[in-house]
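Trainee: The number in the numbering used here is simply the position in the sequence shown, starting from 1, with 14 added.
Ideal placement from N, C-alpha and C gives every residue a C-beta, glycine not left out.
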Amino acid sequence: MKNIRIIKAQKKDAHTLIELTKELAKFEKLKGPNVPESRRLAKNCFEDKMFDFYLAKFGNKTVGGIVLYMTYSTFLARPTLYIEDLFILPKYRGKSFGKNLFLFAKQLAKKRGCGRMEWNVLRWNKKAIGFYKKMGAKNLDEWQWYRLQIK
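(1) THR94 and THR85 - do their beta-carbons sit closer together than 8 Å?
(2) To the nearest angstrom, how far is it from the Cα of LEU31 to the Cα of ALA56?
(3) Ignore the nearest five residues each way along the sequence and tell me which others in GLY129's own chain have a CB closer than 6 Å to its CB.
(4) Counting Cβ pairs closer than 8 Å, one from the stretch 37-45 and one from the stretch 21-28, do we hit at least three?
(5) Compare the C-alpha of PHE111 against each of PHE145, GLU98, ARG137 and name the closest.
(6) Count the other C-beta atoms from every protein chain shown that fall within 10 angstroms of the C-beta of LEU154, then say buried if there are 16 or more, exposed otherwise.
(7) Could you give the first and the last residue of the continuous beta strand (DSSP E) run that contains SER87?
(8) Give me the DSSP bridge partner(s) of ASP62.
(9) Return the CA-CA distance between ASN202 and GLU37, expressed in angstroms with no decimal places.
(10) Nearest to VAL81 by CA position, among GLY108, GLY73, TYR68, ILE102, is which residue?
(11) With a 10 Å radius around its C-beta and 16 neighbouring C-beta atoms as the bar for buried, classify LEU100 as buried or exposed.
(12) Return yes when the Cβ of LEU34 is within less than 8 Å of the Cβ of GLY79, no when it is not.
(13) Whose C-beta lies closer than 6 Å to the C-beta of ASP66 among residues of the same chain, with five residues either side of it excluded?
(14) At what residues does the beta strand (DSSP E) containing ILE18 begin and finish?
(15) Across which residues does DSSP place ALA70 in a beta bridge pair?
As structure tokens, this is what we get:
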């Protein structure tokens, strides 16, 4: 789609990071960040540089965003670009904004010398699964994701 710009977010965009994260949480039927978590999210992104946040802009409107960070594959002996969140606001879906963000991430992974990109998709999110399959991604049936909450 023409007129889409993907820009790296700056500290002044912290509110947008928080709002998009809350919208994503609502979509995924999860609890969004509270005030202390929102402050920490912004600090981790813009001060600690623990992850990168890019905005998808259409004209002067933010239509979505993507959160990325680097991991490492010992088997490939190369870095991996991990997509934590890729989210397009509902009224802008189906207009290639998600595709543009995904292709941007793929290009960034190539530029950074990555051997692969990885991400998770909720099983019920059939539209996202279909989108990723269309983009050439494969589900890894032989691997199961586990999570340990650290409090």
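Mentor: The short version:
(1) THR94 is positioned such that its CB atom lies closer than 8 Å to that of THR85.
(2) If I take the Cα positions, the gap works out to 7 Å.
(3) SER87, LEU90, ARG92.
(4) Cβ pair count under 8 Å is below three, so no.
(5) The residue from PHE145, GLU98, ARG137 with its alpha-carbon nearest to that of PHE111 is PHE145.
(6) The Cβ neighbour count for LEU154, taken over all protein chains shown within 10 Å, is under 16; the residue is labelled exposed.
(7) Start and end: 75-87.
(8) In the DSSP assignment, ASP62 is bridged to no other residue.
(9) A question about residue 202 goes unanswered here, because the residues of the chain that appear run from 15 up to 165.
(10) The shortest C-alpha separation from VAL81 is found at TYR68.
(11) Result: buried.
(12) A distance below 8 Å separates the beta carbons of GLY79 and LEU34.
(13) So the qualifying residues of the chain are LEU82.
(14) Element bounds for ILE18: 18-22.
(15) In the DSSP output, where bridge partners are listed per residue, ALA70 has ILE20, GLY78.
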